[in-house]
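**Student:** Going down the list, the sequences are from chains C and P. Here the first sequence stands for residues 765 to 850, numbered as in the numbering used here. Here the second sequence stands for residues 217 to 923, numbered as in the numbering used here. Okay, here's the structure, questions in a sec.
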Amino acid sequence: MKSFVYVIKDPLGIHARPAGMLAKAAKPYADTPITVTKGDKTVKASQLMKLMSLGVKTGDEVTVAAEGPAEDEAIAAMEAFFKENL
Amino acid sequence: MKDKFFGVLQRVGRSFMLPIAILPVAGLLLGLGSSFTNETTLSTYGLLDLMGPGTVPYFIFSVLSRCGGVIFDNLPLLFAIGVAIGMARQEKEVAALAAAVSFLVMHSGISAMIGLTGGTEALLEGSTASVLGITSLQMGAFGGIIVGLGVAALHNRFYKIQLPQALSFFGGTRFVPIISTLVFAVVGIAMFFIWQPIQTGINALGGLVYSSGYLGTFLFGMIKRLLIPFGLHHVFYLPFWQTAVGGTMEVAGTMVSGAQNIFFAQLADPTVTHFSTAGTWCFTGEFVLYIFGFPGAALAMYHCASPARKKRVGGLLLSAALTSILTGITEPLEFSFLFVAPLLFAISAVFAGLAYMLCHILNITVGLTFSGGFIDLALFGILQGNEKTGWLLLLPLGAAFFAAYYFVFRFLILKFDFKTPGREEGDQETKLYTKADYNARKAESEASAGRSAAIARGLGGAANIKDVDCCATRLRITVQDSAAVDQAVLKSTGAAGVIQKGAGVQVVYGPQVNIIKAELEEYLRSGAAAAAPAPAQAEETAEATKPEHGKLLRTLVIGSPMHGEAAPVTASPDAAFAEKMMGDGATIVPCEGLVTAPCDATISFVFDTNHAIGLELEEGIEVLIHVGINTVELKGQGFKALVQEGDQVKKGDPLLEFDLDYIRENASSTSSPVLFTTMEDNQQLRLLKAGHVKPGEDLLALDIYEA
Numbered sequence: 765m766k767s768f769v770y771v772i773k774d775p776l777g778i779h780a781r782p783a784g785m786l787a788k789a790a791k792p793y794a795d796t797p798i799t800v801t802k803g804d805k806t807v808k809a810s811q812l813m814k815l816m817s818l819g820v821k822t823g824d825e826v827t828v829a830a831e832g833p834a835e836d837e838a839i840a841a842m843e844a845f846f847k848e849n850l
Numbered sequence: 217m218k219d220k221f222f223g224v225l226q227r228v229g230r231s232f233m234l235p236i237a238i239l240p241v242a243g244l245l246l247g248l249g250s251s252f253t254n255e256t257t258l259s260t261y262g263l264l265d266l267m268g269p270g271t272v273p274y275f276i277f278s279v280l281s282r283c284g285g286v287i288f289d290n291l292p293l294l295f296a297i298g299v300a301i302g303m304a305r306q307e308k309e310v311a312a313l314a315a316a317v318s319f320l321v322m323h324s325g326i327s328a329m330i331g332l333t334g335g336t337e338a339l340l341e342g343s344t345a346s347v348l349g350i351t352s353l354q355m356g357a358f359g360g361i362i363v364g365l366g367v368a369a370l371h372n373r374f375y376k377i378q379l380p381q382a383l384s385f386f387g388g389t390r391f392v393p394i395i396s397t398l399v400f401a402v403v404g405i406a407m408f409f410i411w412q413p414i415q416t417g418i419n420a421l422g423g424l425v426y427s428s429g430y431l432g433t434f435l436f437g438m439i440k441r442l443l444i445p446f447g448l449h450h451v452f453y454l455p456f457w458q459t460a461v462g463g464t465m466e467v468a469g470t471m472v473s474g475a476q477n478i479f480f481a482q483l484a485d486p487t488v489t490h491f492s493t494a495g496t497w498c499f500t501g502e503f504v505l506y507i508f509g510f511p512g513a514a515l516a517m518y519h520c521a522s523p524a525r526k527k528r529v530g531g532l533l534l535s536a537a538l539t540s541i542l543t544g545i546t547e548p549l550e551f552s553f554l555f556v557a558p559l560l561f562a563i564s565a566v567f568a569g570l571a572y573m574l575c576h577i578l579n580i581t582v583g584l585t586f587s588g589g590f591i592d593l594a595l596f597g598i599l600q601g602n603e604k605t606g607w608l609l610l611l612p613l614g615a616a617f618f619a620a621y622y623f624v625f626r627f628l629i630l631k632f633d634f635k636t637p638g639r640e641e642g643d644q645e646t647k648l649y650t651k652a653d654y655n656a657r658k659a660e661s662e663a664s665a666g667r668s669a670a671i672a673r674g675l676g677g678a679a680n681i682k683d684v685d686c687c688a689t690r691l692r693i694t695v696q697d698s699a700a701v702d703q704a705v706l707k708s709t710g711a712a713g714v715i716q717k718g719a720g721v722q723v724v725y726g727p728q729v730n731i732i733k734a735e736l737e738e739y740l741r742s743g744a745a746a747a748a749p750a751p752a753q754a755e756e757t758a759e760a761t762k763p764e765h766g767k768l769l770r771t772l773v774i775g776s777p778m779h780g781e782a783a784p785v786t787a788s789p790d791a792a793f794a795e796k797m798m799g800d801g802a803t804i805v806p807c808e809g810l811v812t813a814p815c816d817a818t819i820s821f822v823f824d825t826n827h828a829i830g831l832e833l834e835e836g837i838e839v840l841i842h843v844g845i846n847t848v849e850l851k852g853q854g855f856k857a858l859v860q861e862g863d864q865v866k867k868g869d870p871l872l873e874f875d876l877d878y879i880r881e882n883a884s885s886t887s888s889p890v891l892f893t894t895m896e897d898n899q900q901l902r903l904l905k906a907g908h909v910k911p912g913e914d915l916l917a918l919d920i921y922e923a
């Protein structure tokens, strides 16, 4: 398993648009589940609604993790995505 | 401005087609019924004992005659309702009810005024009539058209009106019959004063046209033909058919106005020995043109076609000529030369004027209900007998016109090298017809979705189509953006011609246009249109929407969570939504600030700025309702959530209130996506309703297939 911790910088947090983009970015790694954790809640990154239901706001700390055959590639893609968009 | 005017006239013209479509049947009943109850006819053929008064056939034909006659007697009411239906943009059934109410109200208003000012004796003779038992002014079809247009205008203005809370029961569509009643009570009073001088004027004008005699008949025939390319002929000829402009005559003791009315009054009157030209001057020439003249033109075009293409072009011209001969629908034939050789069309118009005039001069009196094809000739010429109509004279006259059309067309086509069908340079045009033929055949054998998709694409995509209607031969469409229309694509769908004036587009298909229209509407309603909105992507998407699916397991339907205007989500002003990045569904521009549950569900989350709500319908199927675009930036202001995460809701439960005005002013759009965010490969979405939707009205259907 690979993971990283990220502090959200986007002033609006993870709302509909970034959630949609994140879910899309996670889609290619179907056999490598990617999760996003905030506090005690963990959701799959590919599930748009679950992502939104986390209610991630600016300044929140989230943990992104990937486990599976493509975990190195997946976590690198996620890190790049978070840095660029959130 | 000119384009807008054309658009309105186009709608008026096509709205006449619904009531006019009844006339052939009404004419059939009246024609058969009156022919076989006419004692003169019966005694001529020695049928009095068999079918005379007192016999069963006489009884049956009398009933037929009366049942057909009542339709002609009440045409103004049918026009009022038909025009209202044709002109109303949405909720047409309400406009129809309002038109019927308004028609009764207006004539009752006039009736009351007549009673108050000294009764019918104080008015001009022939200026009053019994309208559905109401003693009123004789307004004929005009009365109905005024009501139809007025009600449609009121309807389009008010059918979405919102009244204060206490009166809200009377809001929306219910307000339309109410306001129409009030307005037309006033119109009735006004008409009492306005209509009388107009009656005098119309009678004088009718007298003028009628008294210019044969010249008037010539002008009528020519002008009517020249108006056909613009689709405006219905507006022009109707007053002559239906009102005093076309002449007035006393038949069987009552005054009758309008040529068609005169003819049918005479048809129903057993004492008539020869029909008057007053009832037929603007009809009989059509038989000469449609049964004889135009086929002559078709033959000329066939003979002028290049030998290699004769076979191909022959099929086209033969079917067009047969359509003209049998049903009197001429556009397929006329449009085959109108655009490539306007001079031929101009000459045809002069011939048309001559045909009407010669029939008038020769006292040939065959009336018609719909158009001058063989069906009408049989009913109102041949069946009525040569004594009453002189129809046999049509044969030599027709032969002369056939020859005139044939030789003049042939000479001019060769002399000026007009590119009539089969004479085009290169292969392009022939290809077009081949493709059209191919498409037409394919459409008959297979599902027609391909043609509808092509038509929608030619019109700039489903989102560009404002409304769709048709008349006898053409599809009439109003589009949002006229620049997006691609005439070449439209022609490849089997059209004989395409006419475009601003936002009004007419595509000429011929008599099967009814089916094409129904298919197109079906297509636009279905999700297929929503999936193929952009012309450029259409082909690609068409393939994408046809994946290999297993058996359809079940369908989930959700209602609209808002009151407003719905469109496919691809119409969202936000690219991320329009590209279906968040899911597939609809977007609604709300007219009320309330979100209700579209189905029974569990609230899976309420975003903390309250601008978006997630619903879980069942395990793994979720719907997102996102109010407005970029509304996350409002930080919750203007929104009030009425539920919280984990709540169970029933369809119709209020979920969220929002301040529509505030959002309009502070967000980039109020357009609100409603999406299935959990679409799997074995699921497909259909948009069930585009345009005005009420809360709870079926909006989206999710088809779930065997994986």
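The beta carbon of each residue, even a glycine, is placed where N, CA and C say it ideally should be.
Tell me whether Asp790 (chain P) is buried or exposed, calling it buried when 16 or more other Cβ atoms sit within 10 Å of its Cβ.
**Tutor:** Buried.
**Student:** Alpha carbon to alpha carbon, how far is Ala514 (chain P) from Gln354 (chain P)?
**Tutor:** So the two alpha carbons sit approximately 44 Å from each other.
**Student:** Could you tell me how far apart the beta carbons of Ile778 (chain C) and Met816 (chain C) are, in whole angstroms, since I believe they sit closer than 8 Å?
**Tutor:** Right, the Cβ-Cβ distance comes to about 7 Å (below 8 Å), so this counts as a contact.
**Student:** Tell me whether Ala410 (chain P) is buried or exposed, calling it buried when 16 or more other Cβ atoms sit within 10 Å of its Cβ.
**Tutor:** Sequence check: residue 410 (chain P) is Ile here, not Ala. Its Cβ having fewer than 16 others within 10 Å, Ile410 (chain P) is exposed.
**Student:** Below 7 Å on C-beta distance, what does Thr893 (chain P) contact in chain C?
**Tutor:** Under the 7 Å cutoff, chain C gives Leu812 and Met813.
**Student:** I want to verify the contact list: residues of chain P whose CB lies under 7 Å from the CB of Gly784 (chain C), in sequence order.
**Tutor:** Going along chain P in sequence order, the residues near Gly784 (chain C) (Cβ under 7 Å) are Ala792, Met797 and Met798.
**Student:** For the segment 899-910 of chain P, list every residue whose C-beta sits within 8 Å of some C-beta in chain C, in sequence order.
**Tutor:** Those would be none; no residue qualifies.
**Student:** Am I right that Ala481 (chain P) and Ala468 (chain P) are in contact with their C-beta atoms under 8 Å? What's the rounded C-beta distance?
**Tutor:** Contact flag correct, Cβ pair sits at about 7 Å.
**Student:** Just tell me which of P:Cys283, P:Pro235 and P:Phe561 has its CA closest to the CA of Ile297 (chain P).
**Tutor:** Ile297 (chain P) has its Cα closest to that of P:Pro235, out of P:Cys283, P:Pro235 and P:Phe561.
**Student:** Would you report the Cα separation of Leu570 (chain P) and Leu610 (chain P), rounded to the nearest angstrom?
**Tutor:** Cα to Cα, the separation comes out at about 13 Å.
**Student:** Within 10 angstroms of the Cβ of Asp897 (chain P), are there 16 or more other Cβ atoms? Answer buried if so, exposed if not.
**Tutor:** Exposed, by the Cβ-count rule.
**Student:** Rounded to a whole number of angstroms, what is the C-alpha to C-alpha distance between Asn680 (chain P) and Pro784 (chain P)?
**Tutor:** Cα to Cα, Asn680 (chain P) sits roughly 12 Å from Pro784 (chain P).
**Student:** Hey, how far is the Cα of Gly388 (chain P) from the Cα of Phe436 (chain P)?
**Tutor:** C-alpha separation (whole angstroms): 44 Å.
**Student:** Determine which residues of the segment 809-841 of chain C have a Cβ less than 7 Å from any Cβ of chain P, and write them out in chain order.
**Tutor:** Correct list: Leu812, Met813, Met816, Ser817 and Gly819.
**Student:** Mapping the DSSP letters down to three states, classify His371 (chain P) as helix, strand or coil.
**Tutor:** Reduced to three states, the DSSP call for His371 (chain P) is helix.
**Student:** Between the segment 887-903 of chain P and the segment 837-851 of chain P, can you find at least three pairs of beta-carbon atoms closer than 8 Å?
**Tutor:** The answer is yes - the segment 887-903 of chain P touches the segment 837-851 of chain P, with three or more Cβ pairs under 8 Å.
**Student:** Which chain P residues sit within Cβ distance under 7 Å of Lys802 (chain C)?
**Tutor:** Residues of chain P passing the Cβ test: none, with the nearest at roughly 13 Å.
**Student:** So which residues of chain P does Lys788 (chain C) contact, with C-beta pairs closer than 7 Å?
**Tutor:** Met797, listed in chain order.
**Student:** Can you list the residues of chain C that Phe823 (chain P) reaches, using a CB-CB cut of under 9 Å?
**Tutor:** Neighbours of Phe823 (chain P) on chain C, chain order: His779, Ala780, Met816, Ser817 and Gly819.
**Student:** Please state the DSSP three-state secondary structure of Leu291 (chain P).
**Tutor:** Residue state, collapsed to three classes: helix.
**Student:** Mind checking if Glu848 (chain C) is an interface residue toward chain P, Cβ cutoff 8 Å exclusive?
**Tutor:** Output row for Glu848 (chain C): interface = no.
**Student:** Nearest chain C C-beta to Ser170 (chain P) closer than 8 Å, yes or no?
**Tutor:** Residue 170 (chain P) is absent from the structure shown; chain P starts at 217 and stops at 923.
**Student:** So the candidates are P:Ser343, P:Phe374 and P:Lys440; which of them puts its Cα closest to the Cα of Pro413 (chain P)?
**Tutor:** The residue with the shortest Cα to Cα distance from Pro413 (chain P) is P:Ser343.
**Student:** Which residues in chain C sit within 9 Å of Leu840 (chain P), going by Cβ to Cβ distance?
**Tutor:** Simply Ala780, Leu812, Met813 and Met816.
**Student:** Which stretch, first to last residue, makes up the beta strand (DSSP E) that contains Tyr921 (chain P)?
**Tutor:** Taken as a continuous stretch (DSSP letters only), the beta strand (DSSP E) holding Tyr921 (chain P) covers Asp914 to Tyr921.
**Student:** Leaving out the 5 sequence neighbours to the left and right, which residues in its chain are closer than 6 Å to Ser661 (chain P) when beta-carbon positions are compared?
**Tutor:** Confidence at Ser661 (chain P) is low in this model, with a pLDDT of 41, below 50, so the placement of that residue is unreliable and no value is reported for it.
**Student:** Select from P:Gly359, P:Ala615, P:Ala300 and P:Ala316 the residue whose C-alpha is nearest the C-alpha of Ile326 (chain P).
**Tutor:** Considering only alpha carbons, the answer is P:Gly359.
**Student:** Looking at the C-beta of Val859 (chain P), does it have a partner C-beta in chain C at a distance below 8 Å?
**Tutor:** Taking Cβ atoms only, chain C never reaches closer than 8 Å to Val859 (chain P), which makes this a no.
**Student:** What in chain C is Cβ-close to Gly862 (chain P), meaning under 7 Å?
**Tutor:** Ordered by position in chain C, no residue passes the 7 Å Cβ test against Gly862 (chain P), which lies about 11 Å from the chain.
**Student:** Keeping to the same chain, check which residues put their C-beta closer than 8 Å to that of Val399 (chain P); ignore five residues upstream and five downstream.
**Tutor:** Answer for Val399 (chain P): Ser318, Gly366 and Leu370, listed in chain order.
**Student:** Given Phe855 (chain P), which residues of its chain have a CB within under 6 Å of its CB, disregarding the five upstream and five downstream residues?
**Tutor:** Excluding sequence neighbours, Phe855 (chain P) sits near Asn826, His827 and Phe874.
**Student:** Give the secondary structure of Ala712 (chain P) by DSSP, where H, G and I count as helix, E and B as strand, and everything else as coil.
**Tutor:** Reduced to three states, the DSSP call for Ala712 (chain P) is coil.
**Student:** Residues of chain C with a CB under 8 Å from the CB of Ala828 (chain P): which are they?
**Tutor:** Simply His779, Ala780 and Met816.
**Student:** I want to check one thing, is the minimum distance from the CB of Arg626 (chain P) to the heavy atoms of the ligand HEM below 7 Å?
**Tutor:** By its list of ligands, the structure shown contains no ligand whatsoever, and the ligand HEM lies outside what it can speak to.
**Student:** Compare the C-beta of Val848 (chain P) against all C-beta atoms of chain C and say whether one is closer than 8 Å.
**Tutor:** Taking Cβ atoms only, chain C reaches closer than 8 Å to Val848 (chain P), which makes this a yes.
**Student:** Check for me: the alpha helix (DSSP H) holding Tyr770 (chain C) runs from which residue to which?
**Tutor:** Unbroken run through Tyr770 (chain C) is the beta strand (DSSP E), Lys766 to Val771; no alpha helix (DSSP H).
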